[in-house]
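Start counting the sequence shown at 1; every next residue gets the next number (full-length UniProt numbering).
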Amino acid sequence: MIKRLLSFLFPIKIHEKKSDFSKNLEVTWNNGYLVLDSKNTNYSFGSLQRVLKKGLKYIGYERIRNFKSILILGVAGGSVIDTLKNEVKFEGTITGVEIDSTVIELAKKYFGLDNYNKVSIINEDAFEFVLKTKEKYDLIIIDIFQDTTMPNFLFEDFFINRINYLLNIKGFILFNTMVLDYQDRRRNAIYKSKFESNYSVRLYPKIEVHNELFTIKKLA
1 MIKRLLSFLF PIKIHEKKSD FSKNLEVTWN NGYLVLDSKN TNYSFGSLQR
51 VLKKGLKYIG YERIRNFKSI LILGVAGGSV IDTLKNEVKF EGTITGVEID
101 STVIELAKKY FGLDNYNKVS IINEDAFEFV LKTKEKYDLI IIDIFQDTTM
151 PNFLFEDFFI NRINYLLNIK GFILFNTMVL DYQDRRRNAI YKSKFESNYS
201 VRLYPKIEVH NELFTIKKLA
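And the structure:
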């Protein structure tokens, strides 16, 4: 409790651990909340949670409550699951895919990741999971970073087409991207152009300074 109170004055790191994928992970009290950070960016329960919460609001909480299944690629500490369960009041099934076993370990220990009902966490590469899963989803959330870097496969045609195949009609993709320079902006513009007329694509720039969000609805 003392550390939590002091965190309103300055961040207090309570755990640090090396990771094969994220190099260095830190659990910190910050403004009264536990957050999970990598070296250069927030992974969960800080600015990232605010970013994805805005995206969910753009889609609409009431609409999401009527969904039956959600896929999350890139779970980190599980802040978007916390939002879906405790704020949106989503009661369907959630499948979370996270490549970093160290992240999953910290998320369970400090953020209660294993305390949710109807939530399955799979320790696997998102590309491999998407390639072989036979399930389809009403909402697919893509939030994959290694510190401030986004893997190239997220923007490649094969992955995009596979995600689109896994999405139910009238379903949504919520894609969180990081834009640091001109090349990133160009990458996002090219990504947006890859969707045909049977998709409704919206781009929301300048979310928490460096984040751009896509919401993509499958119309038919």
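Don't be surprised by glycine CBs; every beta carbon is placed ideally from N, CA and C. In this text, all values refer to a predicted model and were calculated from it rather than measured experimentally.
Pick helix, strand or coil for residue i, following the three-state DSSP scheme.
i: Ser193; result: helix
i: Arg93; result: Per the sequence presented here, residue 93 reads as Thr, with Arg not at that position. Thr93 falls in the strand class under three-state DSSP.
i: Ile99; result: coil
i: Val201; result: strand
i: Leu9; result: coil
i: Tyr61; result: helix
i: Tyr116; result: coil
i: Asn164; result: helix
i: Leu131; result: helix
i: Asn188; result: helix
i: Asp138; result: strand
i: Asn86; result: helix
Using DSSP's beta-bridge definition, name the partner residues of residue i.
i: Val35; result: Thr28
i: Arg50; result: Answer by DSSP bridge pairing: none, since Arg50 is not bridged.
i: Gln146; result: Thr149
i: Ser79; result: Ser79 pairs with nothing; no bridge assigned.
i: Thr215; result: Leu174, Arg202
i: Ile207; result: Asn211
i: Glu16; result: Glu26
i: Tyr182; result: Its beta-bridge partners do not exist; DSSP assigns none.
i: Ile122; result: Val97
i: Leu73; result: Val97, Ile142
Who are the Cβ neighbours of residue i in its own chain at under 8 Å, not counting the five residues just before and after it?
i: Leu166; result: Leu71, Val130, Thr133, Glu135, Lys136, Tyr137, Ile140
i: Lys54; result: Tyr204, Ile207, Leu213
i: Glu128; result: none
To which residues of the same chain is residue i closer than 7 Å at the C-beta, ignoring the five residues directly before and after it?
i: Lys85; result: Tyr116
i: residue 224; result: What is shown of the chain runs 1 to 220, which leaves residue 224 out entirely.
i: Lys18; result: Asn24
i: Ile144; result: Leu73, Gly74, Ala126, Met150, Pro151, Leu154
i: Gln146; result: Phe21, Ser22
i: Glu212; result: Thr177, Val179, Asn188, Leu203, Tyr204, Pro205
i: Leu219; result: Asn198, Tyr199, Ser200
i: Phe172; result: Ile59, Leu139, Thr215, Ile216, Lys217
i: Ile169; result: Lys218, Ala220
i: Gly32; result: Arg4, Ser7, Phe8
i: Val119; result: Ile81, Ile94, Gly96
By a C-beta neighbour count over all protein chains shown, 10 Å radius and 16 as the cutoff for buried, is residue i buried or exposed?
i: Ile64; result: buried
i: residue 233; result: There is simply no residue 233 to check, as the chain begins at 1 and stops at 220 in what is shown.
i: Asp37; result: buried
i: Ile163; result: buried
i: Phe158; result: exposed
i: Tyr182; result: exposed
i: Ile190; result: exposed
i: Glu98; result: buried
i: Ile142; result: buried
Enumerate in chain order the residues of its own chain whose CB-to-CB distance from residue i is below 6 Å, with the five nearest sequence positions on each side excluded.
i: Tyr58; result: Thr215
i: Ser101; result: Asn123
i: Pro11; result: Thr28, Asn30
i: Phe111; result: Gly77, Gly78
If contacts are defined as beta-carbon pairs under 8 Å, then residue i and residue j qualify, I think. What distance do you get, rounded to the angstrom?
i: Ile104; j: Ile94; result: Contact doesn't hold; Cβ gap of about 15 Å is too wide.
i: Gly92; j: Ile121; result: That pair is no contact at about 16 Å.
i: Leu106; j: Thr83; result: So it is not a contact: roughly 18 Å between Cβ atoms.
i: Arg50; j: Glu156; result: So it is not a contact: roughly 29 Å between Cβ atoms.
Measure from the C-beta of residue i to each C-beta in chain D and report whether the shortest distance is under 8 Å.
i: Thr177; result: No chain D appears in this structure, which consists of one protein chain only.
With a threshold of 7 Å (Cβ to nearest heavy atom), would residue i be considered close to the ligand FAD?
i: Ala107; result: The model depicted lacks the ligand FAD and carries no ligand whatsoever.
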